[in-house]
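Data first, discussion second: the structure below is written as structure tokens.
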Amino acid sequence: MTTEVSTDRVEETIYDGLVELGTERSALSREATLESLDVDSLDLVELAQIVEDEFGVELRGDDVKDVRTVGEVIELVVAKAG
Amino acid sequence: MKRRVVITGVGAVTPLGVGSAALAERWSAGECGIEDGAGRCRDFDPLDFLSKKEARRLDRFAQMAVAAAAEALGQAGAGEELPYEAHRVGCVIGTGIGGLPSLEEQQGKLIESGPKAVSPLAVPLMMGNAAAAAVAMRHDLHGHTYGVVSACAAGAHALGDASRIIRAGDADMVVAGGAEAAITGVATAAFEAMGATSASGVSRPFDARRDGFVIGEGAGILILEEAGAAAARGAEVLGEIRGYGATCDGFHLTAPQPEGLEAARAIGLAIADAGLSATDVDYVNAHGTSTPLNDRSETMALKLALGERAADVPVSSTKSAVGHLLGAAGAVEAIATVEALRRRLAPPTVGWGEAEEGLDLDYVPDRARPLGNGDGPLIAISNSFGFGGHNAVLCLAA
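Chains A and B supply the protein sequences, listed in that same order.
The first sequence runs contiguously to residue 170 in this note's numbering.
The second sequence runs contiguously to residue 809 in this note's numbering.
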């Protein structure tokens, strides 16, 4: 069901998702680390659910275990959706 | 020498408002926080106490516990920094049901969208120990920490357990109480189906017209401390847990034993644990649910346990002002009791107006009444009885 997914759309979804989970929008950037945003493993599972609902992309624990920054999450989703 | 347990802080979120002062002052003035047949904490906004992220990781009962704990620890002078080594500070918080709103929400997602839609937060949101875990995490407590589950006696059991932990020497301070927020579709339908809740929507304990309890929500947290350690750090002492008695009816899943035999035994145990006798009791904070069965069996239990003193002692029910806070009730009512003793004023059973044969104690109708003669410490018992026949009674002094 996945079609061409633009990086901008993924970024918007990830940013909106993180804000929904309680992160300040002003703190968001591609360079921001998940650690600095206090995004933990539970947040990542919730974020994965949001991504799957939106793009039909399934992120597993193994996929995200080495992800360090918001930008890396976005790239991972774009790559998976491609 | 026996270790004594004093109360150095209290905090409450109730249908009478946020804060223990709102509970004590408004109940004493005969006000009632029940609206539209439920005791909701309309003034409570979790974002006054928690960040958005913290709030969405806690069910409402745990959010309220965090708020009440912040007030209580602040009053005890322990809000910023603990007065003891963290392993000597515990946290025991009771609940009747736990995170039922979260459970119902996640069940809806499961049915609507399948298992993948269920939140990874579901378990930590709904687990019965979530309030204790949240408070311990927030204040960096490392001692005995757990939840207590005994339906509508949970708050009192938590305080009793916590006092025992201190008396046994396993802690110097315990943050203890109860929390409940279960005014949900399933809970209200279930209580209604079993005929436990009021059709009229009026909480009228011990009144002939009573027709069931009115569901409420809230949290009550008390800071319990070993008396010598509290004195050494110059803490203000609000009251003392003098005694604790716990029994079980072993009779019926929901109905109390009709003569209140085991409830009476718990009252007697609490008074004996305090080294006192029935004649020393100045005030009774009743369980007083407004159900036909409880108020009758509790009246019989008080007569059995207190003997001749039962005819004279003022007996009032906090549930006339806030409804039935289930697992939070015992803790909120312990706070109300200590504040009543401190003010030397028995708050009224709000709305009491029609006597029933056999229910002939002094239920403090109409308005608050002065307590005791002179200015010595006053003694009260606070009763809590839960489905399952669980009886927990505290003997309090202030």
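Note that the Cβ used here is the ideal one computed from N, Cα and C, for glycine as well.
| Check | Outcome |
| --- | --- |
| Contacts of Lys464/B in chain A (Cβ-Cβ under 8 Å) | Leu109, Gly110, Thr111 and Asp126 |
| Contact with chain B by Glu173/A, beta-carbon distance below 8 Å | What the structure shows of chain A is the stretch from 89 to 170, and residue 173/A is not part of that stretch, so it cannot be assessed. |
| Gly797/B: CB within 7 Å of a non-hydrogen atom of the ligand SAH | Among the ligands in the structure shown, none appear at all, so the ligand SAH cannot be discussed. |
| Separation of Gly718/B from Glu670/B, as counted between CA atoms | 14 Å |
| Extent of the continuous beta strand (DSSP E) to which Glu637/B belongs | Gly629 to Glu637 |
| Phe796/B, DSSP secondary structure in three states | strand |
| Proximity test, Cβ basis, 8 Å: Arg467/B and chain A | yes |
| Beta-carbon proximity check, Gly505/B vs Ala569/B, cutoff 8 Å | yes |
| The segment 429-446 of chain B contacting the segment 745-756 of chain B, beta-carbon criterion three pairs below 8 Å | yes |
| Leu680/B: first and last residue of the uninterrupted beta strand (DSSP E) it sits in | Taken as a continuous stretch (DSSP letters only), Leu680/B belongs to no beta strand (DSSP E), being part of the alpha helix (DSSP H) at Leu672 to Asp684. |
| Residues bridged to Val424/B [DSSP beta-bridge criterion] | Val429/B and Ala630/B |
| Three-way DSSP call (helix, strand, coil) for Met537/B in this model | helix |
| Chain A contact for Leu458/B (CB, 8 Å cutoff) | no |
| With 16 other Cβ atoms within 10 Å as the buried cut-off, status of Val648/B | exposed |
| Spatial distance of Asn540/B from His801/B (CA atoms) | 19 Å |
| Where Ser530/B meets chain A, residues with beta-carbon distance less than 8 Å | Glu134 and Gln137 |
| Beta-carbon spacing of Gly812/B, Arg615/B below 8 Å | Look at the range of chain B in this structure, 412 to 809, and you will see that residue 812/B is not part of it. |
| Cβ neighbours of Asp125/A in the same chain (closer than 8 Å, five flanking residues each side left out) | Rather than Asp, the amino acid found at residue 125/A in this sequence is Leu. Within the same chain, Leu125/A has close Cβ partners Leu106, Thr111, Ala115, Leu116 and Val158. |
| Collapsed DSSP secondary structure at Pro725/B in the structure displayed | strand |
| Bounding residues of the alpha helix (DSSP H) (the contiguous stretch that carries Thr101/A) | Thr95 to Glu108 |
| Identified DSSP bridge partners for Ile790/B | Ala808/B |
| Selection from Pro531/B, Val503/B and Ser561/B that minimises the alpha carbon distance to Leu514/B | Pro531/B |
| For Pro758/B, three-class secondary structure by DSSP | coil |
| Simplified DSSP state of Asp773/B, which is helix, strand or coil | strand |
| is_contact[Ile102/A, chain B] using C-beta, thresh 8 Å | no |
| Host alpha helix (DSSP H) of Arg653/B (start-end) | Where Arg653/B is concerned, there is no enclosing alpha helix (DSSP H), although the beta strand (DSSP E) it sits in stretches over Gly650 to Cys659. |
| Where Met89/A falls: helix, strand or coil (DSSP) | Note that Met89/A scores a pLDDT of 47, beneath 50, so its modelled location is shaky and nothing firm can be said. |
| Short CB-CB distance (under 8 Å) between Leu106/A and chain B | no |
| Own chain residues within Cβ distance below 6 Å of Glu636/B, not counting five before or after | Val417, Thr419 and Met584 |
| Coil, strand or helix - Val586/B by DSSP | strand |
| Spatially closest choice to Ala643/B from Gly501/B, Ser439/B and Tyr495/B, by CA coordinates | Tyr495/B |
| CB contact flag (Ala803/B, Ala640/B, <8 Å) | no |
| Cross-chain neighbours of Leu130/A in chain B, by beta carbon under 7 Å | Pro531 and Leu532 |
| Contact check, Arg414/B vs Ile652/B, beta carbons under 8 Å | no |
| Cβ neighbour criterion (16 or more within 10 Å) applied to Ser611/B | exposed |
| Short Cβ contact (8 Å threshold) for Pro725/B with Leu782/B | yes |
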